[in-house]
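>
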DNA sequence: TATACTAAGACTAGAATAGTCTCATATCCA
DNA sequence: TGGATATGAGACTATTCTAGTCTTAGTATA
């Protein structure tokens, strides 16, 4: 369909949790998982991926856990999502070199590429610190930002 | 992940095709499928769904086929996508009444709802006639449009 | 009436996702 | 030093979703 994976969802929850507890000790995967009623092993996997992409730092050992690697204002929703699910591409055709088998004939490729860019733009505009604000704030969505930044696709 | 289904993709292709041939006779599912190298039965299914949602009209009998039900400028990408895949919801939490099992605790629901709205906004801005324009046009993407229209979620 | 088409929906196969389990490694503290 | 508690990594399973097929029925035209 057109849906965020649950893992990406969990990733956002975890990062937001860490953002709200960053003054304190590191949070373990167990701790976070319990708080939101999510499987602990699954949450651990998600956090591992985030650590891999340097969004969080892991601290081994007892009383270890995870902490944010950057300021919450420096982490976008796109960072988290693409760390977990890979690059955000609304169709398989829109990759740089990527070609569906009907590249020649496919007539919607280019328009969709542009739609994809707009979506990346939205996702990269939303930061974790914005997500932690109360909803009555305008918060979102600098939709008026320049459409072509082109710097997002890079992850993976 | 975060991907358009192939069926939705095919739907866009079909609608665009019909937009470009609307002066002429009705196009059969077979005809369109062949042109783009897609399974004919699958294309038929896709067109049926589009007909169901009154985006195209079906003409039975020999020399029948499909024709657009509206002007290409009146049909948005969102119309086509949600006709085929159902409403566009980036998480299962963001439905009107919809609640994940952790509604109380889930902290990302509201921010994601707002992201979802922005994406709907982008998709509803792109019309089939825009998709038929040549890429060197500015075409896309009235990103500066007001972020909160809220009128989209209704389809299905 | 025969033919060429759509309508509808059950069905199957395969891929993607969610989630589990196990073992290894690092750190802290008694 | 050794046990407890963390993460790291990757194989594994189960379930759900998607793509695609097939079959039967209905409808318009010639």
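Residue numbers (our numbering), protein chains in the order written: chain A, 1 to 156; chain B, 1 to 156.
By construction, the Cβ of each residue, glycine as well, lies at the ideal position given by its N, Cα and C atoms.
What you are looking at is a predicted structure, and each value in this text was computed from that prediction instead of being measured.
In this structure, does DSSP put residue 5 (chain B) in helix, strand or coil?
Coil.
> Please list the terminal residues of the continuous beta strand (DSSP E) segment that includes residue 56 (chain B).
First-last of the beta strand (DSSP E) with residue 56 (chain B): 56-59.
> Find the nearest neighbour of residue 133 (chain B) within the set A:121, A:123, A:127, A:110, judged by alpha-carbon distance.
Ranking A:121, A:123, A:127, A:110 by Cα distance to residue 133 (chain B) puts A:110 first.
> Residue 95 (chain B) to residue 116 (chain B), Cα distance in whole Å?
Bear in mind that a pLDDT of 47 at residue 95 (chain B), under 50, signals an unreliable position, so the model cannot answer this.
> Sort out for me which residues DSSP pairs residue 67 (chain A) with in a bridge.
Its beta-bridge partners are A:57.
> Anything in chain B within Cβ reach of residue 44 (chain A), meaning under 9 Å, just list it in chain order.
Per Cβ cutoff of 9 Å: no residues; residue 44 (chain A) is ~18 Å from chain B at best.
> Among all the DSSP beta bridges, which residues are the ones paired with residue 127 (chain A)?
Residue 127 (chain A) is bridged to A:76.
> How about residue 7 (chain A): is its C-beta nearer than 7 Å to some C-beta of chain B?
Judged by the 7 Å Cβ criterion, residue 7 (chain A) is not in contact with chain B.
> Please report the straight-line C-alpha distance between residue 112 (chain B) and residue 61 (chain B), rounded to a whole angstrom.
Looking at the two C-alpha atoms, the distance is approximately 47 Å.
> Taking its Cβ as the centre, do 16 or more other Cβ atoms sit within 10 Å of residue 130 (chain B), making it buried, or is it exposed?
The residue in question, residue 130 (chain B), is buried, as its Cβ has 16 or more Cβ neighbours within 10 Å.
> Could you spell out where the alpha helix (DSSP H) holding residue 48 (chain B) opens and where it closes?
Here the alpha helix (DSSP H) through residue 48 (chain B) covers 40-52.
> Based on the DSSP secondary-structure assignment, which residues constitute the bridge partners of residue 27 (chain B)?
B:66, per the DSSP bridge assignment.
> DSSP three-state label for residue 97 (chain A), please.
Residue placement at residue 97 (chain A) is flagged as unreliable, the pLDDT there being 40, under the threshold of 50; a coordinate-derived value is accordingly withheld.
> Does the stretch 75-94 of chain A come into contact with the stretch 26-41 of chain A, if we say contact requires no fewer than three beta-carbon pairs (one atom in each stretch) closer than 8 Å?
Result no; under three Cβ-Cβ pairs closer than 8 Å.
> Quick test of your reading: residue 80 (chain B) and residue 68 (chain B), contact by CB under 8 Å. State the CB separation rounded to the nearest angstrom.
With 8 Å as the limit, residue 80 (chain B) and residue 68 (chain B) do not qualify as a contact, their Cβ atoms being about 11 Å apart.
> From residue 53 (chain B) to residue 19 (chain A), what distance separates their C-alpha atoms?
Going from the Cα of residue 53 (chain B) to the Cα of residue 19 (chain A) covers about 44 Å.
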